[in-house]
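Peer 1: Following this message is one structure expressed as C-alpha cells.
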Ligand SMILES: NC(=O)c1ccc[n+]([C@@H]2O[C@H](COP(=O)([O-])OP(=O)(O)OC[C@H]3O[C@@H](n4cnc5c(N)ncnc54)[C@H](O)[C@@H]3O)[C@@H](O)[C@H]2O)c1
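Below is the structure:
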C-alpha cells in the first residue's frame with residue numbers, strides 16, 4: 493500500500509519512517525524545501541534516538557521518499573496522514589492554519605477515493621469540520637473518509653513509542669476506513685496491541701484527556717513537593733510510595749520546574765477553552781495550567797531569593813531542552829526561567845547535550861554563553877541550576893564542579909543528587925521538595 497504523510501516534524505517523520513519499516517511505501521511531504529532536501533540526503537533535522545537509522549534503512553530500501561509535491565504524493569496514495577503542527581495562538585486558541593492549508597491542497601488534488609487521517613492533535617470537532625471543508629472545496633467530487641488517529645509518542649523515545657504503543661486509537665464513521673487504517677497498523681495488531689475503534693469526536697477527546705491527566709499528575713506532585721519543603725518531608729519517598737500503589741502507578745510523579753514541551757501546555761489550554769466554549773468548564777485543567785505557571789515562577793524566586801538578587805550574578809544552567817533526550821525547547825521551563833533570570837540582570841553559562849543550537853535561536857543574548865560541557869558551564873558561577881535531567885548530569889564529578897565554581901550553590905530542580913552526599917561536599921544544596929534548608 494502507498495501512503496502519504498504530510499509534515500515531517502517529530503510526529504510526521506517518525507510516523508513516515510516507521511510505517512515504511514512496516515513494509516508500506518511512504519511519501520513524506522513537507523512545505524519546507526530545505527527540510528526535504530536534508531531528509532532526501534539522509535540527514536534528520538532534529539535529534540531523536542534511533543530515527544536516523546530508521547530513515548536511512550528505509551531510504552536505502554526505497555520504501556521512503558521525501559518531496560514537497562503534495563499532489564503527486566497524494567495521487568499515488570490511498571491514505572493521507574496529516575501530521576502538521578497545531579501550535580497555539582497568543583490567546584490560547586489552537587492555530588489550525590497548517591491543517592487547513594493541507595486540507596485546501598487535498599481538496600484541489602484528490603482524484604479518487606482517499607482516507608484522510610488526522611494525526612495532529614486537533615480540537616474536538618476538527619475531523620468533522622475537515623469532512624465539511626473537503627466536501628465543499630473538492631475540485632471534483634470523489635468519495636473520501638476522514639479518520640482521527642491521535643498520536644501518543646513521546647519525544648526522546650518516539651521511535652520506540654510508535655513501534656510499541658500502549659494502544660492505537662482509530663475514530664471514524666466508516667467501517668471501510670477503519671479497515672484500511674487497521675491494515676496499515678497490521679504489524680502492531682499481530683503484536684496484540686490494543687485497538688480502540690470509536691467515533692471521530694471520542695478519538696479526538698481521548699488525546700486531550702490523556703495529556704490533561706498526565707499534566708495533572710505532574711502538577712499534583714509539584715504541589716506535594718512544595719508542601720514537603722514546608723514540613724520537612726521528602727517528596728521522593730512520598731512519590732515512590734504513591735507510585736507503588738497499583739492504582740496510581742509511578743509515572744509522571746517527578747517533581748520539577750513544571751511541565752513544558754510543545755504538547756502539554758497548549759493542549760491543556762485548548763481543552764480548557766473548549767470546556768468554556770461548550771459550557772462544560774474543565775476546572776481541573778484550568779487549575780493545572782495555573783499551578784504549572786506558578787511552579788516556574790517559584791523556581792525563579794527560589795534562585796533569586798537564595799542569591800539575594802540577580803544583578804550581575806553568574807548562573808550556570810545545565811539542560812535547556814524541555815526534557816532529556818531531545819533537542820526540543822518548545823515550552824521548555826529552562827528557556828522561560830532563563831529569560832526571567834536575564835531580565836533580572838543575571839549572566840548565564842549554559843550547557844545542554846542537544847538543545848544549544850535551538851536555544852541560540854530564541855535566547856540570542858550577549859549575556860548567555862553556551863558552553864562545551866557541564867564543567868565549563870560551572871566555571872566561575874555564583875550558582876549552578878540543573879534544569880533538565882539528562883543522564884550525563886547524574887554522573888558529573890561534583891567535587892570537580894565545586895572546584896571551578898565561584899560559590900558552591902546547587903539548585904537541583906530535578907533531584908538528581910542525594911542531598912546528604914552533596915552537602916557533605918560543602919555545597920549549599922537545594923532540591924525540589926527535599927529535606928534541608930527551607931525555600
Ligand atoms: N511532538 C510531540 O511529541 C507530539 C506528540 C503527539 C502529538 N503531537 C501533535 O502532532 C502534531 C505535529 O507535531 P510536531 O511536534 O511533529 O510538529 P512540528 O512543528 O515538529 O512539525 C510540523 C511540520 O509540518 C510542516 N508543515 C507545516 N505546514 C505544512 C503544509 N501546509 N504542508 C506540508 N508541511 C507542512 C512543517 O514544515 C513541519 O516540518 C501537532 O498537532 C502536535 O500537537 C506532537
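In this note's numbering, the protein residues as written are 493 to 931.
The C-beta atom is built at its ideal place from N, Cα and C for all residues, glycine as well.
Predicted model, so just to flag it, every value in this text is computed and none were measured.
#1: Buried or exposed, going by whether 16 or more other CB atoms sit within 10 Å of the CB of residue 874?
#2: Could you tell me the boundaries of the beta strand (DSSP E) in which residue 877 lies?
#3: Residue 718 by DSSP, collapsed to three states: which one?
#4: Enumerate in chain order the residues of its own chain whose CB-to-CB distance from residue 532 is below 7 Å, with the five nearest sequence positions on each side excluded.
#5: Compute the Euclidean distance between the alpha carbons of residue 930 and residue 721, then round it to the nearest angstrom.
#6: Any idea if residue 737 is buried or exposed, counting beta-carbon neighbours within 10 angstroms, 16 or more meaning buried?
#7: How would you write the range of the beta strand (DSSP E) that residue 596 sits in, first residue to last?
#8: Measuring only the C-alpha atoms, how far is residue 676 from residue 814?
#9: Taking all protein chains shown into account, do 16 or more other C-beta atoms lie within 10 angstroms of the C-beta of residue 754, making it buried, or fewer, making it exposed?
#10: In whole angstroms, what separates the C-alpha of residue 615 from that of residue 806?
#11: With distances taken from CA atoms, which of 503, 878, 509, 502 is nearest residue 494?
#12: According to DSSP, is residue 640 helix, strand or coil?
#13: On the CB-based measure, 16 or more other CB atoms within 10 Å of its CB, does residue 660 come out buried or exposed?
#14: Verify the contact flag: residue 504, CB atom, against every heavy atom of ligand 3, threshold strictly below 7 Å.
#15: Would you check if the distance between the CB atom of residue 783 and the CB atom of residue 715 is smaller than 8 Å?
#16: Label residue 723 either buried or exposed according to how many other C-beta atoms from any shown protein chain fall within 10 Å of its C-beta, with 16 as the threshold for buried.
#17: Along the chain, where does the beta strand (DSSP E) that runs through residue 920 open and close?
#18: Among residues of its own chain, excluding the 5 on either side of residue 578, which ones have a beta-carbon nearer than 8 Å to its beta-carbon?
#19: Rounded to whole angstroms, what is the Cα-Cα separation between residue 569 and residue 790?
#20: What number of angstroms, rounded off, separates the C-alpha of residue 793 from the C-alpha of residue 562?
#21: Could I get the ranges of all uninterrupted alpha helix (DSSP H) runs contained in the region 666-738, with 4 residues as the minimum, in chain order?
#22: So, does the region 840-848 touch the region 764-778, judging by three or more C-beta pairs under 8 Å?
#23: Name the residue from 566, 607, 576, 621 whose alpha carbon lies nearest to the alpha carbon of residue 601.
#24: What residues match up with residue 558 in a beta bridge as DSSP calls it?
#25: Restricting to runs no shorter than 4 residues, where is the alpha helix (DSSP H) found entirely within the region 881-909?
#26: Can you confirm whether the region 699-712 touches the region 919-927 when touching is taken to mean that 3 or more C-beta pairs between the two stretches lie within less than 8 Å?
#27: Decide if residue 887 is buried, meaning its Cβ has at least 16 other Cβ atoms within 10 Å, or exposed.
#28: Taking contact to mean 3 or more Cβ pairs, one atom from each stretch, closer than 8 Å, check whether the region 623-643 and the region 695-703 are in contact.
#29: The beta strand (DSSP E) that contains residue 664, what's its start and end?
#30: Given a threshold of 16 other Cβ atoms within 10 Å of its Cβ, counted over all protein chains shown, does residue 841 qualify as buried or as exposed?
#31: To the nearest angstrom, report how far apart residue 730 and residue 657 are at their CA atoms.
#32: Using only the heavy atoms of ligand 1, determine whether one of them is closer than 7 Å to the beta carbon of residue 590.
#33: Can you tell me the Cα-Cα spacing of residue 448 and residue 786, whole angstroms?
#34: Please confirm whether any heavy atom of ligand 1 lies closer than 7 Å to the CB of residue 569.
Peer 2: Result, derived from the coordinates:
#1: Buried, because 16 or more other Cβ atoms sit within 10 Å of the Cβ of residue 874.
#2: Its beta strand (DSSP E) spans residues 875-878.
#3: The answer is helix: DSSP assigns residue 718 an H, G or I state.
#4: Same-chain partners within the cutoff: 558.
#5: Confidence is the limiting factor: at residue 930 the pLDDT is only 45, short of 50, which leaves the residue's position unreliable and the question unanswerable from this model.
#6: It is exposed - the Cβ of residue 737 has fewer than 16 other Cβ atoms within 10 Å.
#7: Residue 596 -> not in any beta strand (DSSP E); alpha helix (DSSP H) instead, spanning 589-601.
#8: Going by the C-alpha atoms only, they are around 32 Å apart.
#9: That one is buried.
#10: Cα to Cα, the separation comes out at about 43 Å.
#11: Looking at the Cα atoms, 509 is the closest of the given residues.
#12: Under the three-state reduction of DSSP, residue 640 is assigned to strand.
#13: By the 10 Å Cβ count, residue 660 comes out buried.
#14: In terms of ligand content, the structure shown lacks ligand 3 and carries ligand 1 instead.
#15: Yes, the pair counts as a contact, with Cβ atoms nearer than the cut-off.
#16: Classification for residue 723: exposed.
#17: Where residue 920 is concerned, the enclosing beta strand (DSSP E) starts and stops at 920-923.
#18: Its chain contains 586, 587, 588, 590, 591, 612, 613, 614, 758 as the residues whose beta carbon lies nearer than 8 Å to that of residue 578, once the 5 sequence neighbours on both sides are disregarded; these appear in chain order.
#19: Those two C-alpha atoms are separated by around 51 Å.
#20: About 49 Å.
#21: Counting whole runs of 4 or more residues, the region 666-738 contains the alpha helix (DSSP H) stretches 667-676, 678-682, 692-723, 727-735.
#22: These segments do not touch.
#23: The candidate whose alpha carbon is nearest that of residue 601 is 566.
#24: Answer by DSSP bridge pairing, in chain order: 520.
#25: Listed in chain order, the complete alpha helix (DSSP H) runs (minimum 4 residues) inside the region 881-909 are 883-886, 890-896.
#26: Per the Cβ contact rule, the region 919-927 is not in contact with the region 699-712 (fewer than 3 Cβ pairs under 8 Å).
#27: Classification of residue 887: exposed, given that the 10 Å Cβ count is below 16.
#28: The region 623-643, when compared against the region 695-703, does touch it at the 8 Å Cβ threshold.
#29: Taken as a continuous stretch (DSSP letters only), the beta strand (DSSP E) holding residue 664 covers 660-664.
#30: Classification of residue 841: buried, given that the 10 Å Cβ count is 16 or more.
#31: Spanning the two alpha carbons is a distance of roughly 29 Å.
#32: For residue 590, the Cβ falls inside the 7 Å cut-off from some heavy atom of ligand 1.
#33: The first residue shown for the chain is 493 and the last is 931, placing residue 448 beyond what the model contains.
#34: The answer is no for residue 569.
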